[in-house]
Amino acid sequence: MVRVTEILEQVLSNLGKTPRDSWVTMTELVLPHHTNQLGTVFGGTVMSWMDICGAIAAFRHVGGEVVTASVDDLHFLAPIYLGWIVEITGHVCYAGNTSVDVWVEVNAENPHTRERSRTAQSFLTFVARDVQGQPKKVPPLILETEQDHKLHELAKLRRSQRLQRKQMSQI
Ligand SMILES: CC(C)(COP(=O)(O)OP(=O)(O)OC[C@H]1O[C@@H](n2cnc3c(N)ncnc32)[C@H](O)[C@@H]1OP(=O)(O)O)[C@@H](O)C(=O)NCCC(=O)NCCS
């Protein structure tokens, strides 16, 4: 009986998943150990949150283990202060053969004024691995909304530029 369920899940996953299926929202409160000497969040902490958020989204799409292959250009758009609330959201926006691209956004909220601002965003690429650690095929992505199509086109473009840059940096 369990085997039938597993096979059914496998068949359904091969039909594809939508960006909504992999949606992740994480919320963090900025504590003293997250900050630098200026009282703002340490950039590496934000990168770590983005990596975790992206990995969970990729895992949800793939239905198994993934490793981070790359992080696209990452710009820190605004500082985040001690005591602020940080929301990290992500979802798969492009599915290749064995890799997926995840769009991750970081928004921060000043809890006193309730003002929110975008503080970072990037595409992260994850490669799916089988139990032997070899790259494994990922389910196709089913695009639903206009925003899904927009991000998918952008991810496709960024991906080809990124792979070109990877080749150029191999000296
Ligand atoms: C990422 C990794 C699996 C890629 O291995 P590889 O042998 O170069 O992989 P392949 O050439 O077979 O490519 C596999 C997929 O990854 C993609 N890929 C590989 N390197 C990439 C990069 N730098 N950026 C984006 N995508 C990349 C390829 O385009 C391919 O995608 P596709 O199948 O959807 O077309 C390998 O380099 C690795 O294990 N790196 C360490 C990962 C890790 O430990 N991460 C934790 C952070 S330190």
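Using the working numbering, you'd call the opening residue of the sequence shown number 162 and step up by one each time. Glycine residues also receive a C-beta, built at the ideal position from the N, C-alpha and C atoms.
- The beta carbon of Ser183 sits closer than 6 Å to the beta carbons of Ala218, Arg221, His222, His252 and Val253 from its chain, once the five residues preceding and following it are set aside; these are given in chain order.
- Counting only runs of at least 3 residues, the region 267 to 295 fully encloses the following beta strand (DSSP E) elements, listed from N- to C-terminal order: 277 to 289.
- Here His310 has Leu304 as same chain residues with Cβ atoms under 8 Å from its own Cβ, once five neighbours each way along the sequence are excluded.
- When secondary structure is reduced to three states using DSSP, Trp264 falls in the strand class.
- Rounded to the nearest angstrom, the gap between the Cα atoms of Leu315 and Ser330 is 22 Å.
- Taken through DSSP and simplified to helix, strand or coil, Phe237 comes out as strand.
- With fewer than three CB-CB distances shorter than 8 Å, the region 231 to 242 does not count as touching the region 294 to 304.
- If you draw a straight line from the Cα of Val227 to the Cα of Glu307, it is about 27 Å long.
- Put simply, the backbone Cα of Ala216 is about 9 Å away from that of Thr286.
- Proximity of the beta carbon of Asn258 to ligand 1 is indicated: a heavy atom of the ligand is located closer than 7 Å.
- Taking all protein chains in view, the Cβ of Tyr242 is surrounded by fewer than 16 other Cβ atoms within 10 Å, so the residue is classified as exposed.
- Remark: the shortest separation between the CB of Lys297 and any heavy atom of ligand 1 does not fall under 7 Å.
- Distance from the Cα of Gly225 is smallest, within the candidate group Asn268, Leu312, Pro180 and Ser260, for Ser260.
- When secondary structure is reduced to three states using DSSP, Ser183 falls in the helix class.
- In the three-state reduction of the DSSP assignment, Ile332 falls in the coil class, being assigned neither a helical nor a strand state.
- The bridge partners DSSP lists for Glu189 are Val247.
- Of the residues assessed, Ala256 falls on the buried side of the cut-off, its CB having 16 or more other CB atoms within 10 angstroms.
- Looking only at Cys214, Gln198, Asn258 and Leu199, the smallest Cα-Cα distance to Arg320 is reached by Asn258.
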